[in-house]
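Take my numbering: the last position of the sequence shown gets the number 164, and nothing is skipped along the way.
From the three backbone atoms N, C-alpha and C, an ideal C-beta is built for every residue, glycine too.
Computed from a predicted structure; not experimentally measured.
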Amino acid sequence: MNGETLQRIVGEIVSRLQRRAQSTATLSVTQLRDADCPALFCQHASLRILLVDLPLLGQLADAETDDAAARKIHDALAFGIRVQLSLHSQLLPVIPVKKLARLPLVFTDEHGLPLVLHAGSVLSYRDVALLSRGRVVVHRKCIVTAMARDAANARNIQLIKQE
Numbered sequence: 002m003n004g005e006t007l008q009r010i011v012g013e014i015v016s017r018l019q020r021r022a023q024s025t026a027t028l029s030v031t032q033l034r035d036a037d038c039p040a041l042f043c044q045h046a047s048l049r050i051l052l053v054d055l056p057l058l059g060q061l062a063d064a065e066t067d068d069a070a071a072r073k074i075h076d077a078l079a080f081g082i083r084v085q086l087s088l089h090s091q092l093l094p095v096i097p098v099k100k101l102a103r104l105p106l107v108f109t110d111e112h113g114l115p116l117v118l119h120a121g122s123v124l125s126y127r128d129v130a131l132l133s134r135g136r137v138v139v140h141r142k143c144i145v146t147a148m149a150r151d152a153a154n155a156r157n158i159q160l161i162k163q164e
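Written as structure tokens, this is what we have:
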């Protein structure tokens, strides 16, 4: 193999890796269950799952892999794929915040606004100072400081306290 051929092969590999790094697959939960994961993970660096339901969130939080979708999300995380879950706003008061906050997942609402799941016992100014918009979901026993509340209001960040 001469130098030109080798350089062309390396250039093609670099080009494919750069395309993969910029590629995101957007799937519904049903499409994810039916998806061919090895092919999906080879072609995309990010995975976006639309409108995840509460049972699937519970399985993810408890590290259960009975459901094919939960198993495939855990596989994606194991492969280093960035996973973003889109949640319906009505689910926010009842999701398992503490368990889900530990997972390396990105959350958005149905409109694409960022969701931050705060698992700590106190929400302080530091927790909302770097956020620009979206929602912060805290569990029902979390204490929200006055400065955090003021900073959230100033930045149009909606605080959602679970029931």
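Around the Cβ of residue i, are there at least 16 other Cβ atoms within 10 angstroms (buried) or fewer (exposed)?
i: I144; result: exposed
i: H45; result: buried
i: I14; result: exposed
i: R134; result: exposed
i: K142; result: exposed
i: A102; result: buried
i: L7; result: exposed
i: I96; result: buried
i: L116; result: buried
Please report the straight-line C-alpha distance between residue i and residue j, rounded to a whole angstrom.
i: D128; j: R150; result: 11 Å
i: R21; j: S87; result: 22 Å
i: V30; j: A147; result: 39 Å
i: E5; j: L28; result: 40 Å
i: V137; j: D35; result: 32 Å
i: Q23; j: R17; result: 10 Å
Sorted by chain position, which residues of the same chain lie with C-beta nearer than 7 Å to residue i's C-beta, five sequence neighbours on each side aside?
i: A71; result: L57, Q60, L61 and E65
i: D67; result: Q60
i: C43; result: none
i: L33; result: I50, A70 and K73
Cα-Cα, which of the options is closest to residue i?
i: A152; options: S29, D63 and L132; result: L132
i: D37; options: D76, L18, T6 and Q8; result: D76
i: G81; options: L104, I96, S90 and V95; result: L104
i: L93; options: D35, T109, R83 and N157; result: T109
i: K99; options: A79, Q163 and G12; result: Q163
i: S90; options: D54, L124 and R156; result: D54
i: L41; options: T25, Q19 and V11; result: T25
i: P39; options: Y126, S16, Q19 and K73; result: K73
i: V123; options: Q32, L114 and H140; result: H140
i: E111; options: A130, L52, R9 and S125; result: L52
In the DSSP output, what is residue i paired with across the bridge?
i: D110; result: L88
i: P115; result: T109
i: S125; result: Note: S125 sits in no beta bridge, so no partner.
i: R136; result: L116 and Q159
i: L51; result: S29
i: R83; result: S47
Examine the ligand ATP and report whether any of its heavy atoms sits within less than 7 Å of the Cβ of residue i.
i: I96; result: This structure simply doesn't include the ligand ATP, nor any ligand for that matter.
Leaving out five residues on either side along the sequence, give the residues of the same chain with a beta carbon under 6 Å from the beta carbon of residue i.
i: L48; result: A26, A77, I82 and V84
i: V107; result: Q85
i: D63; result: none
i: L160; result: V137 and A153
Within a Cβ cutoff of 8 Å, which residues of the same chain sit near residue i, ignoring the five residues on either side of it in sequence?
i: G113; result: S87
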